[in-house]
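Count along the sequence shown from 1, then add 553; that gives the number in the working numbering. Here is the structure we will look at, set down as structure tokens.
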Amino acid sequence: MNGVVFDIKRGCVKDGPGLRTSVFMKGCPLKCVWCHNPESQSPAIQRAVATDEVCGREMSVEEVMGEVRRDKVFYSASGGGATFTGGEPTMQFDFLMALCGAAKAEGIHVAVDTCGFAPRECFAALLPCVDLFLYDLKCMDAARHLEFTGVPNGRIIGNLEFLDSAGAKFWIRCPLVPGLNDSDADLAALRDFTRGLRNMEKLEICPYHPLGLEKCAKFGLSPRYAGMSQPTAADLARYNAFLRPREGCAPARPQAMNAPAGRTATGKECYAI
Ligand code: SF4
554 MNGVVFDIKR
564 GCVKDGPGLR
574 TSVFMKGCPL
584 KCVWCHNPES
594 QSPAIQRAVA
604 TDEVCGREMS
614 VEEVMGEVRR
624 DKVFYSASGG
634 GATFTGGEPT
644 MQFDFLMALC
654 GAAKAEGIHV
664 AVDTCGFAPR
674 ECFAALLPCV
684 DLFLYDLKCM
694 DAARHLEFTG
704 VPNGRIIGNL
714 EFLDSAGAKF
724 WIRCPLVPGL
734 NDSDADLAAL
744 RDFTRGLRNM
754 EKLEICPYHP
764 LGLEKCAKFG
774 LSPRYAGMSQ
784 PTAADLARYN
794 AFLRPREGCA
804 PARPQAMNAP
814 AGRTATGKEC
824 YAI
């Protein structure tokens with residue numbers, strides 16, 4: 554079976570526990586204004602405007618697993634494994650299921666990074682072969698979720714509650730963009746909702762960074778929104794005050810948004826509540 558993958562990164566430390574290989578799959582049903590991988594949204598293979606760079610290539614399950622296996626020894630030593638991400642990996646559901654099943658059969662820890670906007674049956678089917686879900690929760694306010702991502706949040710919240718009630722392990726990841734979804738009311742809604750979940754292991758916040766705008770220019774895409782700014786140190790301190798860093802976990806700091814050369818900036822900071 555084949556699917557379309559746009560990147561495979563080895564040695565990742567922010568896409569789940571331990572040292573991981575992250576497999577980025579093409580296609581996403583959302584159109585988030587802050588998207589840092591806008592070239593991942595279309596399921597099609599795309600070409601850059603001014604260079605010969607291509608985003609996406611067809612790969613078989615065995616080809617992907619060949620890459621994933623290369624770091625198996627490090628997974629054992631670090632508690633790591635494979636993370637299937639995107640885009641939105643459930644968009645290529647059969648391919649995703651085959652990859653999760655193959656990794657699981659080889660004793661590799663499996664994480665799936667999802668926006669949660671997929672039929673409930675997808676998550677029910679994934680449950681036996683996924684060790685950890687990295688679940689995006691972008692905005693608790695329904696109207697603004699629709700405005701900023703292009704879809705309503707009811708299905709996303711419903712699927713998360715389903716996973717929680719089924720006993721799945723998950724981390725929640727929330728992008729925060731000044732003025733869009735980071736008001737005190739937004740943070741309180743996020744805190745209050747996540748406090749009611751029994752199986753959340755971690756809440757990560759991802760401060761906005763403008764990397765996606767450069768990628769839009771590179772692939773000839775039009776950004777849906779202009780004028781977004783990165784959170785200031787004062788913003789991060791406010792997030793910190795609302796969400797309270799877990800003991801031993803670094804507080805939010807602006808430097809976290811600077812990625813090493815050649816790596817995608819993530820700016821993730823984690824909080825436990
Ligand atoms: S869900 Fe993720 S990949 Fe999809 S548009 Fe939003 S930020 Fe981009």
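For each residue, glycine too, the CB sits at the ideal point set by N, CA and C.
Local Cβ density within 10 Å of residue i, reported as buried at 16 or more and exposed below that
i           : result
residue 751 : exposed
residue 730 : buried
residue 554 : exposed
residue 831 : Limits of the chain in this structure are 554 at one end and 826 at the other, which puts residue 831 out of reach.
residue 593 : buried
residue 640 : buried
residue 651 : buried
residue 696 : exposed
residue 604 : exposed
residue 647 : exposed
residue 785 : exposed
residue 607 : exposed
residue 779 : exposed
Beta-carbon proximity list for residue i, same chain, < 7 Å, skipping 5 on both sides
i           : result
residue 698 : 691, 692, 705, 706
residue 788 : 731, 735
residue 808 : Reliability of the predicted coordinates at residue 808 is poor, the pLDDT of 39 falling under 50, and the value obtained from them is presented with this limitation in mind. Excluding sequence neighbours, residue 808 sits near nothing in its chain.
residue 631 : 571, 572
Beta-carbon spacing of residue i, residue j below 8 Å
i           : j           : result
residue 661 : residue 677 : no
residue 553 : residue 601 : No answer is possible for residue 553: it lies beyond the span of the chain, which begins at 554 and ends at 826.
residue 671 : residue 643 : yes
residue 703 : residue 590 : no
residue 733 : residue 569 : no
residue 719 : residue 680 : yes
residue 581 : residue 675 : no
residue 609 : residue 557 : yes
residue 663 : residue 657 : yes
residue 740 : residue 792 : yes
residue 563 : residue 623 : yes
Heavy atom of ligand 3 within 7 Å of residue i beta-carbon
i           : result
residue 593 : With respect to small molecules bound, the structure shown includes ligand 1 and not ligand 3.
Own chain, CB closer than 6 Å to residue i, minus 5 neighbours either side, in chain order
i           : result
residue 738 : none
residue 560 : 577
residue 618 : 655
residue 633 : 571, 572, 573
residue 769 : 591, 776
residue 742 : 693
residue 613 : 555
residue 638 : 575, 577, 666
residue 774 : 591
residue 709 : 669, 670
residue 588 : 765
Close-in-space but distant-in-sequence residues of the same chain around residue i (CB under 8 Å, 5 per side omitted)
i           : result
residue 565 : 572, 573, 574, 575, 636
residue 753 : 717, 723, 724, 725, 747
residue 595 : 579, 580
residue 763 : 781, 783
residue 585 : 691, 701, 702, 703, 728
residue 653 : 637, 663, 665, 679, 682, 683
residue 599 : 592, 607, 608, 609, 772
residue 711 : 673
residue 620 : 561, 563, 574, 576
Beta bridge counterpart(s) of residue i as assigned by DSSP
i           : result
residue 755 : 724
residue 689 : 726
residue 558 : 578, 610
residue 594 : None, per the DSSP bridge assignment.
residue 666 : 687
residue 638 : 577
residue 760 : 729
residue 599 : 608
is_contact[residue i, chain C] using C-beta, thresh 8 Å
i           : result
residue 559 : Among the chains of the structure shown, chain C does not appear; only one protein chain is present.
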